[in-house]
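J.:
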Amino acid sequence: MKSLVLSVDRNTWESTTGYTLESVADPELNEKTNPADAEAALIEPIYAGVCGTDKGIWYRKAFRDPILKFLEKDGVGYRIAGHEMVGRITALGSKAEARSSYKIGDIVSAESHLYCGICNACLVGNFHVCENERIIGVTADGVFAERTKLPVNVLWPTDIEKICPEIAAIQEPFGNAVHACIPFDGSDLRGCSVVVFGCGTIGLFSILIAQELGARQIIGVEPNPKNQKLAKACGADIVLEPSEVNPKTIQSLTGGTGADYCLEMSGHPISLQNAIKVSGNGSHIVLFGLSTSDLVVPNFQSFILQGKSIHAVIGRKIFTTWKRVKKLLEDKSNGIQEKIWKVILEEGKGSIVNLKDFRADDWEDRMQRYAKILVKIS
Ligand SMILES: [Zn+2]
Ligand SMILES: [Zn+2]
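For the sequence shown, our numbering assigns the number 975 to the initial residue and increments by one for each residue that follows.
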């Protein structure tokens, strides 16, 4: 079968970029040699999403150590990339068929974090931070392929009559934004002033979600002119350059209170400092953007004295966040699907690539030009 693979080892990590289109062996369910296959499914992806993680791997800027560790552990020379998809079930292991309600032909999306179910985090329901996790397309084979094999406990039933397939393929990253907007019990965005630092794909999703969840005002912070435009089209009231962000500006925009909620989606170290500076007393700061540098919190004691909270968000709650995703996307009256299709996916004009037509230079060019690209697989 055709698939996009990352073919790399310790010696070639630094000197290469990108994925290659290869013909590789089909995955199969063989319960005799691999008992775990009894609880797995074979799936034909229809569409897959390309995300920031894939971009980081493409340029060899992210996930070096886990990728190399698991390639060596598994004794394989390549990893099939991709972790966001919607697809059709074509085969089920014996226990998967008996214990789940899935049937051949069902349409599913998938949680990208494969979890063990028995570590301390899993035992208390924090499957998304499983201590033994693998991530599909990173440390396990992924979905940029004509067929993929996944455990049924990460599948999510999807109705493509209600969520169009192109958007159903990106429920996973949309879920990141939902998770960030509802990060902890008892808080919500109703009536809040929200500042979104970094209006890339997840920041744009967050703007759509914050509006639907009742934010009073949404301020975007973004240096890239194209993303500034997209942020406004998604519903941001105003979009500032990072250099324009200071307590005085945010106070005047928020009627003197400062931000109630800051979503740090850029991973830029200065953004966290800015978020702390511009947020009001008792506010919440949600961290989603990844940074490899050390972060300094200036005037740390005022941060405590003003009762500000910082929350780190990774992945999605499995599967409570997915339920919120389903509700937000299936309810067409909120306009979220339409905005994702028209604004973020630009109606598929140039943002959708056929797997079999993959060319590295074309892919790289599209990754730069579009907020989100999709791979059409079948
Ligand atoms: Zn992703
Ligand atoms: Zn676990």
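No residue lacks a Cβ here, since even glycine has one placed at the ideal position from N, Cα and C.
This structure is a prediction, so every number in the text was calculated from the model and none was measured.
1) Check whether the stretch 1299-1313 and the stretch 1161-1169 are in contact - that is, three or more C-beta pairs closer than 8 Å.
2) Which term fits R1121, buried or exposed, when burial requires 16 or more other beta carbons within 10 angstroms of its beta carbon?
3) Alpha carbons only, please: which of F1118, L1016, F1101 is nearest the one belonging to G1079?
4) Roughly how many whole angstroms lie between the Cα atoms of V1112 and L1269?
5) For E1218 and N1248, I'd like the C-alpha separation in whole angstroms.
6) Just the Cα atoms here: how many angstroms apart are G1391 and T1132?
7) From the DSSP secondary-structure annotation, give me the bridge partner or partners of K1123.
8) Between the beta-carbon of Q1280 and the beta-carbon of N1255, is there less than 7 Å?
9) Can you name, in chain order, every residue of its own chain whose Cβ lies under 7 Å from the Cβ of D1211, other than the five neighbours on each side?
10) Assign E1085 to buried or exposed, taking buried as 16 or more other Cβ atoms, counted over all protein chains shown, within 10 Å of its Cβ.
11) Ligand 2 heavy atoms versus the CB of N1100: any closer than 6 Å?
12) Check whether the Cβ of T1027 lies closer than 6 Å to any heavy atom of ligand 1, and answer yes or no.
13) What is the rounded straight-line gap between the Cα of R1290 and the Cα of C1155?
14) Do the stretch 1069-1077 and the stretch 1026-1043 meet, that is, are 3 or more Cβ pairs less than 8 Å apart?
15) Given this structure, state the Cα-to-Cα distance separating K1136 from N985, to the nearest angstrom.
16) Are the CB atoms of E1238 and V1213 nearer to each other than 7 Å?
17) Determine the extent of the beta strand (DSSP E) in which Q1191 is found, giving its start and end residues.
18) Does the Cβ of E1105 have 16 or more other Cβ atoms within 10 Å, making it buried, or fewer, making it exposed?
19) Would you call the CB atoms of Q1185 and G1209 closer than 7 Å?
20) Could you check if N1043 is buried or exposed, using at least 16 other CB atoms within 10 Å of its CB as the buried criterion?
21) Per DSSP, which one or two residues make a beta bridge with F1171?
22) Is the closest heavy atom of ligand 2 to the C-beta of N1127 under 6 Å?
23) Run the proximity test for P1147: is its beta-carbon closer than 6 Å to any non-hydrogen atom belonging to ligand 1?
24) Do you know offhand how far W1130's Cα is from W1296's?
25) Locate the alpha helix (DSSP H) running through S1068, then write down its first and last residues.
26) How many whole angstroms separate the CB atoms of V1117 and I1109, which I take to be in contact at a CB cut-off of 8 Å?
27) Should P1199 go down as buried or exposed, given a rule of 16 or more other Cβ atoms within 10 Å for buried?
28) Could you pull out every residue in the same chain whose Cβ sits closer than 6 Å to the Cβ of R1298, ignoring the five residues on either side in sequence?
T.: Per the coordinate set shown:
1) no
2) The residue given as residue 1121 occupies position 147 in the sequence shown. It counts as buried.
3) Taking the first residue of the sequence shown as 1, we reach residue 1079 at position 105. Out of F1118, L1016, F1101, L1016 has the C-alpha closest to the C-alpha of G1079.
4) As a first step, residue 1112 must be located in the sequence shown, where it is residue number 138. As a first step, residue 1269 must be located in the sequence shown, where it is residue number 295. So the two alpha carbons sit approximately 26 Å from each other.
5) Within the sequence shown, the letter at position 244 stands for residue 1218. Within the sequence shown, the letter at position 274 stands for residue 1248. The straight-line gap from Cα to Cα measures roughly 10 Å.
6) This structure cannot speak to residue 1391, because the chain is shown only from 975 to 1352.
7) Counting from one through the sequence shown, the residue named residue 1123 turns up at place 149. BP columns for K1123 point to L1016.
8) Residue mapping note: residue 1280 aligns to position 306 of the sequence shown, counting from 1. Residue mapping note: residue 1255 aligns to position 281 of the sequence shown, counting from 1. Cβ atoms of Q1280 and N1255: closer than 7 Å.
9) Translated into positions along the sequence shown, residue 1211 becomes position 237. Within the same chain, D1211 has close Cβ partners Q1191, I1192, I1193.
10) Taking the sequence shown and counting its residues from 1, one reaches residue 1085 at position 111. Classification for E1085: buried.
11) Counted from its first residue, the sequence shown places residue 1100 at position 126. Answer for N1100: no, Cβ out of range of ligand 2.
12) Numbered from its first residue, the sequence shown carries residue 1027 at position 53. The answer is yes for T1027.
13) Taking the first residue of the sequence shown as position 1, residue 1290 is located at position 316. Taking the first residue of the sequence shown as position 1, residue 1155 is located at position 181. So the alpha carbons of these two residues sit roughly 11 Å apart.
14) no
15) Numbered from its first residue, the sequence shown carries residue 1136 at position 162. Numbered from its first residue, the sequence shown carries residue 985 at position 11. Roughly 47 Å between the two C-alpha positions.
16) As a first step, residue 1238 must be located in the sequence shown, where it is residue number 264. As a first step, residue 1213 must be located in the sequence shown, where it is residue number 239. No, these two residues do not count as a Cβ contact at 7 Å.
17) As a position in the sequence shown, residue 1191 is number 217, starting the count at 1. Per DSSP, Q1191 belongs to the beta strand (DSSP E) from 1191-1195.
18) As a first step, residue 1105 is located in the sequence shown; it is residue number 131 there, counting from the start. So E1105 ends up on the exposed side.
19) Locating residue 1185 in the sequence shown gives position 211, counting from the first residue. Locating residue 1209 in the sequence shown gives position 235, counting from the first residue. Going by C-beta atoms, Q1185 is nearer than 7 Å to G1209.
20) Numbered from its first residue, the sequence shown carries residue 1043 at position 69. Asn is not the amino acid found at residue 1043; the sequence shown has Lys there. It is exposed - the Cβ of K1043 has fewer than 16 other Cβ atoms within 10 Å.
21) Here residue 1171 corresponds to residue number 197 of the sequence shown, with the count starting at 1. In DSSP, F1171 forms a bridge with V1195, E1238.
22) Within the sequence shown, residue 1127 is the residue found at index 153, counting from 1. Answer for N1127: no, Cβ out of range of ligand 2.
23) As a position in the sequence shown, residue 1147 is number 173, starting the count at 1. Yes.
24) By one-based count along the sequence shown, residue 1130 stands at place 156. By one-based count along the sequence shown, residue 1296 stands at place 322. Their Cα atoms are separated by approximately 8 Å.
25) Position 94 of the sequence shown holds residue 1068. Where S1068 is concerned, the enclosing alpha helix (DSSP H) stretches over 1068-1073.
26) Sequence index remark: in the sequence shown, residue 1117 carries index 143 (1-based). Sequence index remark: in the sequence shown, residue 1109 carries index 135 (1-based). Not quite, the Cβ-Cβ distance comes to about 12 Å (not below 8 Å), so this is no contact.
27) Within the sequence shown, the letter at position 225 stands for residue 1199. With fewer than 16 Cβ atoms within 10 Å of its Cβ, P1199 is classed as exposed.
28) Stepping through the sequence shown from its first residue, residue 1298 is reached at position 324. The answer, listed in chain order, is V1152.
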